[in-house]
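*Asks:* Protein chains in written order, with our numbering: chain F, 7 to 280; chain U, 7 to 280. All residues carry an ideal CB built from backbone N, CA and C; glycine is no exception. Keep in mind the model is a prediction, meaning the values are calculated, not measured. One structure coming up, written as structure tokens, with questions to follow.
Printed below as a string of structure tokens:
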């Protein structure tokens with residue numbers, strides 16, 4: 007049986023451990039602090055603490071981008087090990103992998119799953135059930151490596167598996183994840199927000215659910231995907247300004263047209279969780 | 007037993023009928039087209055079609071703002087009838103009520119419940135279960151009228167009942183509901199949206215759920231609450247522009263501070279549905 011290690015026992019890393027262990031794999035955990043290791047042992051997510059990554063056939067790296075890049079550049083891996091990261095940005099990670107010779111095989115991952123909380127206490131063996139998994143690949147990626155990753159993905163019970171380039175990932179994720187977290191974080195900054203208890207319904211809950219981002223991790227993510235997230239922000243601000251101007255000037259037909267345009271687009275989007 | 011009529015059998019009006027009927031009240035329905043009446047009869051939401059509103063002791067008006075105002079101004083109600091509307095804006099409705107003598111009693115309502123779909127086929131006797139209900143009142147509102155409305159609200163199984171002025175309602179709802187619908191409608195206008203199948207998770211679903219607004223009803227709502235919604239839009243655009251500028255210029259500490267400010271506010275908000 008292949009020896010598997012997971013680096014970084016946060017919500018994602020802890021859930022990878024739990025999901026693979028539940029599926030019958032043997033998984034060891036590697037973490038900066040021992041508290042998460044203790045927790046993962048107690049929960050049965052891992053078999054043991056991983057001491058040396060170079061002992062492992064498969065390594066999942068589940069730490070923020072800067073630490074991921076550092077490890078991919080300077081970590082000691084077993085010859086021929088399969089290494090996968092789970093960062094929310096992929097181009098800069100892939101670039102770090104390919105910038106020089108390396109003794110390991112690499113596939114990029116981005117599980118489209120999470121919660122508005124973080125840390126291993128938020129982890130769950132079921133976190134990935136039916137979630138989308140994005141697998142990034144370059145012209146250097148081997149088909150057999152992707153196939154091997156897909157086996158683990160199926161064991162973790164991911165739903166749809168999507169393959170794309172790191173660039174395509176970064177462009178789309180700027181909209182589907184990065185922009186959403188900025189909007190939510192901005193949404194709660196209204197002066198009115200502190201007086202709104204009882205005045206809220208499902209739409210307010212939806213808008214503000216993910217406002218409490220970890221500013222350190224997300225600053226890393228945004229700064230490593232600047233071009234695409236700025237483009238999405240510019241687009242959203244422009245569209246909001248159109249409504250704003252139509253309302254401020256009392257232009258009903260302009261506002262109605264703008265709302266209708268959004269509705270028609272909405273109707274073309276496949277409703278994932280509806 | 008008091009005779010109750012509901013005007014407008016859409017998602018809200020239909021749900022009021024169903025909820026009150028389930029609680030043992032006898033409710034008749036009044037609607038422009040007969041199709042919704044037929045549906046409500048079949049579902050057992052109403053006892054009969056209401057022919058003349060002046061026959062009823064209690065009337066719930068569940069139509070868009072302009073039609074609501076027209077009916078409150080020119081409708082024929084029974085002397086002393088209790089009339090309540092459910093519009094998403096309250097100041098303009100209240101002003102129409104008080105602009106001259108009237109023979110009915112008035113209380114304003116705004117149920118904080120709904121779906122991303124509309125019409126009576128989306129109605130449900132359980133729609134209001136545990137939802138917030140905002141009750142608007144002026145210095146002319148009688149305590150006994152509010153008490154009577156609260157009985158119906160409890161029968162419909164609302165959760166928290168909030169009382170406030172129409173102005174306070176309009177200011178808060180600009181943030182908690184109106185802005186959310188604009189943001190969602192704008193969110194789907196990104197060029198990337200058509201290529202995102204498989205690249206989405208819960209945050210994208212949340213952001214885009216309510217994008218498909220009925221442009222006619224929402225144009226009415228926005229145009230009747232211009233000052234407050236423009237203020238919310240200006241605030242949100244400003245906060246988004248701050249992130250945008252920090253990211254574009256690579257200013258990590260500025261971005262991190264801005265994200266942290268949002269996180270700290272988020273942590274003070276009571277989590278309704280968490």
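Kindly indicate which residue of U:77, U:122 and U:161 has the alpha-carbon position closest to the one of residue 108 of chain U.
*Replies:* For the purposes of this step, residue 108 of chain U is taken as the residue at position 102 of the second chain. Among U:77, U:122 and U:161, the Cα nearest to that of residue 108 of chain U belongs to U:77.
*Asks:* Let me check understanding here. Comparing Cα to Cα, which of U:58, U:268, U:96 and U:27 lies closest to residue 177 of chain U?
*Replies:* Reading the second chain from its first residue, position 171 is the one you call residue 177 of chain U. Measuring from the Cα of residue 177 of chain U, the nearest candidate turns out to be U:96.
*Asks:* So within the segment 163-242 of chain U, which uninterrupted beta strand (DSSP E) runs reach at least 3 residues, ignoring any that extend past its ends?
*Replies:* Those beta strand (DSSP E) runs which fall completely within the segment 163-242 of chain U and span 3+ residues are 167-170.
*Asks:* Over what stretch of residues does the alpha helix (DSSP H) that includes residue 19 of chain F continue unbroken?
*Replies:* Residue numbering aside, residue 19 of chain F sits at position 13 when the first chain is read from its first letter. Looking at the DSSP string, the run of the alpha helix (DSSP H) that includes residue 19 of chain F is 17-28.
*Asks:* Could you tell me which chain U residues have their CB closer than 7 Å to the CB of residue 209 of chain F, listed as they occur along the chain?
*Replies:* The residue given as residue 209 of chain F occupies position 203 in the first chain. Simply 183, 186, 187 and 216.
*Asks:* Can you tell which of U:252, U:230, U:231 and U:28 has its C-alpha closest to the C-alpha of residue 130 of chain U?
*Replies:* Taking the second chain and counting its residues from 1, one reaches residue 130 of chain U at position 124. Nearest option by C-alpha distance: U:28.
*Asks:* Which of the three DSSP states is assigned to residue 250 of chain F in this structure?
*Replies:* Position 244 of the first chain, counted from the start, is the residue given in the question as residue 250 of chain F. Residue state, collapsed to three classes: helix.
*Asks:* Compute the minimum distance between the beta carbon of residue 243 of chain U and the heavy atoms of the ligand SAM, and state whether it is under 7 Å.
*Replies:* Within the structure as shown, the ligand SAM is missing, as the structure has no ligands at all.
*Asks:* Let me check understanding here. Comparing Cα to Cα, which of U:241, U:144 and U:133 lies closest to residue 103 of chain U?
*Replies:* In the second chain, counting from the first residue as 1, residue 103 of chain U sits at position 97. Comparing Cα-Cα distances from residue 103 of chain U to each of U:241, U:144 and U:133, the minimum goes to U:144.
*Asks:* Is residue 31 of chain F close to chain U? Criterion is C-beta to C-beta, closer than 8 Å.
*Replies:* Residue numbering aside, residue 31 of chain F sits at position 25 when the first chain is read from its first letter. So, not an interface residue.
*Asks:* Between residue 107 of chain F and chain U, is any beta-carbon pair separated by less than 8 Å?
*Replies:* By one-based count along the first chain, residue 107 of chain F stands at place 101. It does not; no Cβ of chain U falls within 8 Å.
*Asks:* Give the straight-line distance between the Cα atoms of residue 268 of chain F and residue 275 of chain F, rounded to the nearest whole angstrom.
*Replies:* The residue given as residue 268 of chain F occupies position 262 in the first chain. The residue given as residue 275 of chain F occupies position 269 in the first chain. Looking at the two C-alpha atoms, the distance is approximately 11 Å.
*Asks:* Please identify, using Cβ separations under 8 Å, the residues of the segment 141-154 of chain F that lie next to chain U, in order along the chain.
*Replies:* The residues in question: there are none.
*Asks:* Distance, Cα to Cα, residue 183 of chain U vs residue 170 of chain F?
*Replies:* What you label residue 183 of chain U is simply residue 177 of the second chain in a count that begins at 1. What you label residue 170 of chain F is simply residue 164 of the first chain in a count that begins at 1. If you take the alpha carbons of residue 183 of chain U and residue 170 of chain F, they lie about 37 Å apart.
*Asks:* Are the C-beta of residue 40 of chain F and some C-beta of chain U separated by less than 8 Å?
*Replies:* For this step, residue 40 of chain F is matched to residue 34 along the first chain. Output row for residue 40 of chain F: interface = no.
*Asks:* Compare the C-beta of residue 48 of chain F with all C-beta atoms of chain U and state if any pair is closer than 8 Å.
*Replies:* Taking the first residue of the first chain as position 1, residue 48 of chain F is located at position 42. Not an interface residue.
*Asks:* If you drop the 5 nearest sequence neighbours on each side, which residues of the same chain put their C-beta closer than 8 Å to that of residue 202 of chain F?
*Replies:* Position 196 of the first chain, counted from the first residue, corresponds to residue 202 of chain F. Answer for residue 202 of chain F: 210, listed in chain order.
*Asks:* If you draw a straight line from the C-alpha of residue 243 of chain F to the C-alpha of residue 72 of chain U, how long is it?
*Replies:* Sequence index remark: in the first chain, residue 243 of chain F carries index 237 (1-based). Sequence index remark: in the second chain, residue 72 of chain U carries index 66 (1-based). Roughly 30 Å separates the two Cα atoms.
*Asks:* Short of 8 Å in beta carbon distance, which residues of its chain neighbour residue 332 of chain F, apart from the five on each side in sequence? Order them along the chain.
*Replies:* The requested residue 332 of chain F does not occur in the structure, where chain F is confined to residues 7 to 280.
*Asks:* Taking just the CA atoms, how far does residue 39 of chain U sit from residue 220 of chain U?
*Replies:* If you number the second chain from 1, residue 220 of chain U lands on position 214. If you number the second chain from 1, residue 39 of chain U lands on position 33. If I take the Cα positions, the gap works out to 18 Å.
*Asks:* On the CB-based measure, 16 or more other CB atoms within 10 Å of its CB, does residue 190 of chain F come out buried or exposed?
*Replies:* Start at 1 with the first residue of the first chain, and residue 190 of chain F comes out as number 184. Buried, by the Cβ-count rule.
*Asks:* Please check if any C-beta of chain C sits within less than 8 Å of the C-beta of residue 232 of chain F.
*Replies:* Within the model displayed, chain C is absent; protein chains F and U are what it includes.
*Asks:* What's the C-alpha gap between residue 75 of chain U and residue 99 of chain U?
*Replies:* As a first step, residue 75 of chain U is located in the second chain; it is residue number 69 there, counting from the start. As a first step, residue 99 of chain U is located in the second chain; it is residue number 93 there, counting from the start. Distance between the alpha carbons of residue 75 of chain U and residue 99 of chain U: 6 Å.
*Asks:* Mind reading off the beta-carbon distance from residue 17 of chain U to residue 135 of chain U? Whole number of angstroms is fine, and I expect it under 8 Å.
*Replies:* Counting from 1 along the second chain, the entry for residue 17 of chain U is found at position 11. Counting from 1 along the second chain, the entry for residue 135 of chain U is found at position 129. Contact flag wrong, Cβ pair sits at about 15 Å.
*Asks:* From the beta carbon of residue 206 of chain U, is the nearest beta carbon of chain F less than 8 Å away?
*Replies:* If you number the second chain from 1, residue 206 of chain U lands on position 200. With 8 Å as the cut-off, residue 206 of chain U counts as an interface residue toward chain F.
*Asks:* Got a sec? Which residues, its chain only, sit under 7 Å from residue 224 of chain F by beta carbon, not counting five neighbours each side?
*Replies:* For the purposes of this step, residue 224 of chain F is identified with residue 218 of the first chain, where counting begins at 1. Excluding sequence neighbours, residue 224 of chain F sits near 187.
*Asks:* Can you list, in chain order, the stretches of the beta strand (DSSP E) that have 3 or more residues and sit fully within the segment 93-125 of chain U?
*Replies:* Those beta strand (DSSP E) runs which fall completely within the segment 93-125 of chain U and span 3+ residues are 111-117.
*Asks:* Would you please state the rounded distance, in angstroms, between the beta carbons of residue 5 of chain U and residue 215 of chain F? I believe it to be under 8 Å.
*Replies:* As displayed, chain U neither begins before 7 nor continues past 280, which places residue 5 of chain U out of reach and without an answer.
*Asks:* Specify whether the segment 19-28 of chain F and the segment 44-63 of chain F touch according to this definition: at least 3 beta carbon pairs, one from each stretch, less than 8 Å apart.
*Replies:* Cβ pair count under 8 Å is three or more, so yes.
*Asks:* Check each candidate in F:114, F:163, F:162 and F:133 and name the one with the smallest Cα separation from residue 152 of chain F.
*Replies:* The sequence position of residue 152 of chain F within the first chain is 146, counting from 1. Checking every option, the nearest Cα to that of residue 152 of chain F belongs to F:114.
*Asks:* For residue 127 of chain U, which residues in the same chain have their Cβ closer than 8 Å to its Cβ, ignoring the five residues on either side in sequence?
*Replies:* Indexing the second chain from 1 puts residue 127 of chain U at position 121. 45, listed in sequence order.
*Asks:* With a threshold of 16 other CB atoms inside 10 Å of the CB of residue 14 of chain U, please say whether the residue is buried or exposed.
*Replies:* Against the second chain, residue 14 of chain U aligns to sequence position 8. With 16 or more Cβ atoms within 10 Å of its Cβ, residue 14 of chain U is classed as buried.
*Asks:* So, under 8 Å CB-CB, residue 118 of chain U and residue 138 of chain U are touching, yes? Tell me the CB distance rounded to an integer number of Å.
*Replies:* Taking the second chain and counting its residues from 1, one reaches residue 118 of chain U at position 112. Taking the second chain and counting its residues from 1, one reaches residue 138 of chain U at position 132. That belief holds up - the Cβ atoms of residue 118 of chain U and residue 138 of chain U are roughly 4 Å apart, short of 8 Å.
*Asks:* With 16 as the cutoff for other CB atoms within 10 Å, does residue 270 of chain F come out buried or exposed?
*Replies:* Here residue 270 of chain F corresponds to residue number 264 of the first chain, with the count starting at 1. So residue 270 of chain F counts as exposed.
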